[in-house]
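Top to bottom, those sequences are chains A and B. Just so you know, we're using the working numbering here: the first sequence kicks off at 129 and counts up by one. Just so you know, we're using the working numbering here: the second sequence kicks off at 3 and counts up by one.
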Amino acid sequence: MLAVDVAKRLGAFQLDARFEAASGVTALFGPSGAGKTTLVNIIAGLLAPDRGSITLDDTVLFDAAAGINLPPHRRGIGYVFQEGRLFPHLSVRQNLDYGRRMSGHPSDADAFARVAALLNIGHLLDRRPRMLSGGERQRVAIGRALLMRPRLLLLDEPLASLDAGHKREILPHLLRLRDDSAVPMVYVSHIAAEVRRIATRIVRLDHGRVVGEGGPELLEDADVYVPE
Amino acid sequence: MLGLSPAEWTAIELSLRIAVVATACALPFGIAIGWLLARKEFWGKTLVDGIVYLPLVLPPVVTGYLLLISFGRRGPIGAFLADQLGIIFSFRWTGAALSCGIMGFPLMVRPIRLALEAIDRRLEEAASTLGAGRALVFLTITLPLALPGIIAGVVLCFARALGEFGATITFVSNIPGETQTISAAIYTLLQVPDGDAAAARLVLIAICIAFAALMASEWFARRAGMRFQGE
């Protein structure tokens with residue numbers, strides 16, 4: 129269970145958000161500039177909020193009052209970025225293995241094979257990121273985050289940089305991930321159709337504030353948010 | 003071989019030793035200063051920047067003289083190092099390595115700094131979310147991505163160290179077998195009536211070494227570049 133209650137000022141923008149995310153996929157849904165990426169960066173530890181607290185299960189990740197701010201590498205949170213951010217000097221296999229190596233977990237061939245099969249990337253292992261298509265790159269990025277055995281997985285518009293064909297290619301993998309793995313996920317998107325398909329719970333964000341929380345039915349009327 | 007006299011061989015061996023030691027000792031400082039200048043804002047940064055590049059614009063004789071009065075046996079730093087740590091620079095090959103390292107330093111720092119500035123910081127963020135602390139991020143992401151710049155810096159510094167003349171001869175003089183490098187030996191040979199042939203041999207050697215260093219760096223740079231290009 130993730131509990132977030134934070135505030136952060138960035139220039140003229142004020143983020144002031146409070147929400148909880150349990151198992152399944154919690155979508156952070158809202159238009160561009162609503163503060164979604166800022167919020168996931170804060171959860172990951174890449175950005176420190178001005179005040180508030182963040183807890184994951186029984187671990188305090190951030191608490192302004194108590195002066196606690198765990199650095200990103202000690203949070204155990206997987207993060208799939210919008211642009212993949214694969215390491216260009218490492219092969220796909222080394223990219224996938226990076227989180228496990230850095231966290232000091234022993235090598236686990238079964239987990240590796242399972243994730244490679246889940247995301248259908250077994251045939252790409254010896255390539256460099258530059259040789260991959262956008263969709264393949266994003267699948268590797270998801271695999272890399274999964275293989276660090278995260279306690280929580282953040283996905284920041286993982287489909288946004290892909291064309292329609294590649295979106296259709298990734299979405300089934302994400303649905304399988306949701307149904308097969310026990311890792312809770314926070315999924316950021318501004319596209320209602322995408323969120324309706326994948327989310328089990330929706331947190332609506334606008335102008336840095338939570339303006340609604342609920343199940344997928346929350347988005348019945350949400351097609352006002354047209355993808356740019 | 004090549005009709006070189008033992009004295010000429012000594013000069014060649016000394017040149018290579020001085021250049022290798024100067025470059026190797028400069029490298030950690032080069033990476034540290036390059037990183038500092040590329041990544042950190044601090045009071046006096048412009049001053050540090052200026053001091054690093056000073057040997058590039060000062061007359062080498064001036065740099066050599068400054069080394070002499072600070073690192074010489076009676077200079078404040080030289081006296082301290084000699085008395086406390088037993089490290090003596092004046093009129094030793096180590097002093098030649100020091101002056102060569104300082105002369106090559108700006109050429110080493112610049113490409114390293116540019117390479118570090120060009121790195122996508124978001125990759126380092128990604129590495130930190132994957133469990134890598136700051137030191138591990140630096141070792142596994144930052145350094146490998148800056149490798150082409152580091153290679154360029156090493157080559158430029160090595161070339162500068164190999165050819166350094168003015169600062170070295172001012173600081174540690176021109177002692178055969180101790181501080182007489184190829185450049186200094188050529189200079190000495192040209193001062194004596196029948197030294198032309200020997201000087202020509204050393205000139206040829208200097209060209210060969212420079213060329214070999216260039217080829218080696220090209221090879222390393224291509225290998226480093228290939229790592230980014232795919233299979």
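Ideal Cβ positions, reconstructed from N, Cα and C, are used throughout, including at glycine.
Residue pairing by DSSP places Met313(A) opposite Val153(A) and Leu281(A) in a beta bridge.
For Glu341(A), no Cβ of chain B is located within less than 9 Å of the residue's own Cβ. Distance from the CA of His294(A) to the CA of Leu282(A), rounded to the nearest whole angstrom, comes to 20 Å. For the pair Glu285(A) and Ala172(A), the Cα-to-Cα distance works out to about 15 Å. At a cut-off of 9 Å between beta-carbon atoms, Glu211(A) makes contact with chain B. A distance below 8 Å between beta-carbons, with the five flanking residues on each side excluded, links Leu100(B) to the following residues of its chain, in chain order: Ala24, Leu69, Phe73, Phe91 and Phe173. With a threshold of 9 Å between beta carbons, Gly151(B) makes no contact with chain A. For a Cβ distance threshold of 7 Å, residue set His217 of chain A lies close to Pro146(B), ordered along the chain. For the pair Ala321(A) and Leu38(B), the Cα-to-Cα distance works out to about 47 Å. Contact between the stretch 100–114 of chain B and the stretch 205–215 of chain A is absent: fewer than 3 CB-CB pairs across the two stretches fall below 8 Å. In terms of beta-carbon proximity, Leu189(A) stays away from the interface with chain B, with every pair separated by 9 Å or more. Here the C-alpha atom of Ser235(A) lies approximately 54 Å from the C-alpha atom of Phe167(B). Annotation: Gly342(A) is outside any alpha helix (DSSP H); the continuous beta strand (DSSP E) that includes it extends over Arg337 to Gly342. Taking CB atoms only, Gly135(B) has a neighbour in chain A less than 9 Å away. Pairing Ala129(B) with Ile143(B) gives a Cβ-Cβ distance under 9 Å.
Contact annotation for Glu127(B) against chain A: Asn169, Ala172, Leu174, Pro200, Tyr207, Phe209 and Arg213 [CB-CB distance below 9 Å, chain order].
At least 9 Å separates the beta-carbon of Met259(A) from that of Met230(A).
DSSP lists no beta-bridge partner residue for Gln210(A).
Bounds of the beta strand (DSSP E) holding Phe190(A) are Thr187 to Asp191. The C-alpha of Gly343(A) lies about 11 Å from the C-alpha of Val153(A). By the neighbour-count criterion, in which 16 or more other beta carbons inside 10 Å mark a residue as buried, Leu347(A) falls on the buried side. Cβ proximity to chain B below 7 Å picks out Arg213, Phe215, Pro216, His217, Tyr226, Gly227, Met230 and Ser231 from the stretch 213–247 of chain A.
Distances from the CA of Leu132(B) to each of His233(A), Gly204(A), Asp238(A) and Phe215(A) were compared; the closest alpha carbon is that of Gly204(A).
Sixteen is the threshold: when 16 or more other Cβ atoms of the shown chains lie within 10 Å of the Cβ of Leu333(A), as they do, the residue is buried. DSSP lists Phe157(A) and Gly340(A) as the bridge partner or partners of Arg332(A). In the three-state scheme derived from DSSP, where H, G and I count as helix and E and B as strand, Lys42(B) is classed as coil. The straight-line gap separating the alpha-carbon atoms of Asp51(B) and Ala163(B) is approximately 21 Å.
Less than 9 Å divides the Cβ of Glu341(A) from the Cβ of Ile330(A).
For chain A, the residues of the stretch 103–127 of chain B that bring a beta carbon within less than 9 Å of one of its beta carbons are Asp122, Arg124, Leu125 and Glu127, in chain order.
Residues of chain A with a Cβ closer than 7 Å to the Cβ of Ile143(B) are, in chain order, Phe215. Between Leu147(B) and Gly32(B), the alpha-carbon positions lie close to 16 Å from each other.
Leu246(A) is the residue among Ser219(A), Leu246(A), Ala237(A) and Gly139(A) whose C-alpha sits nearest the C-alpha of Pro300(A). Interface with chain B (9 Å Cβ-Cβ cutoff): Arg203(A) is included.
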